[in-house]
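Numbering (the working numbering), first residue to last: -10 to 156.
Shown next as structure tokens:
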């Protein structure tokens, strides 16, 4: 991409007035890609190890509007690494035409019985982030099974580690 980035403007509807007190909207630094998402809870929630994920309200809805863009709800790296708090759906995709409230699927990946295995999420905690990104919709050519017609690739059909891990 050359030149200045495109001017993307989105509409945000606040459902929880506390977001303003918590500094929303805020990126963690001048170079941060993700907009911090707060846990808009009425009381702390305890996530037990390996229990089903809990949907935590982010306190707002967003309308991206431009079909060339979407948003991704992604974990905050430090929380997953240090405490075991990850997203129950790994990554949440917010389509351009979605207008409902944002929810964060919070999951405790810690093994049961580990020291400090429970995770407590308090109201206002920044537990995820929202990253805006371009959407590419390629033209898709359907090929019948087997080989025929297409030029052979150099990679082959092996997957899941077929290229090894060593240089």
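Don't be surprised by glycine CBs; every beta carbon is placed ideally from N, CA and C.
For the pair of segments examined, the segment 46 to 58 was found not to touch the segment 74 to 82: the number of CB pairs separated by less than 8 Å stays below three. DSSP, read as helix, strand or coil, puts residue 4 in coil.
Comparing alpha-carbon positions, the option among 118, 72, 123 and 87 lying closest to residue 103 turns out to be 72. Here the alpha carbon of residue 61 sits roughly 16 Å from the alpha carbon of residue 15. Each of 152, 5 and 1 was checked against the Cα of residue 113, and the nearest Cα belongs to 5.
Under the DSSP definition of a beta bridge, residue 127 lacks any partner.
Taking a contact to require three or more Cβ pairs closer than 8 Å, the segment 105 to 124 and the segment 21 to 33 qualify as touching. Looking at 33, 59 and 87, the one whose alpha-carbon comes closest to that of residue 108 is 33.
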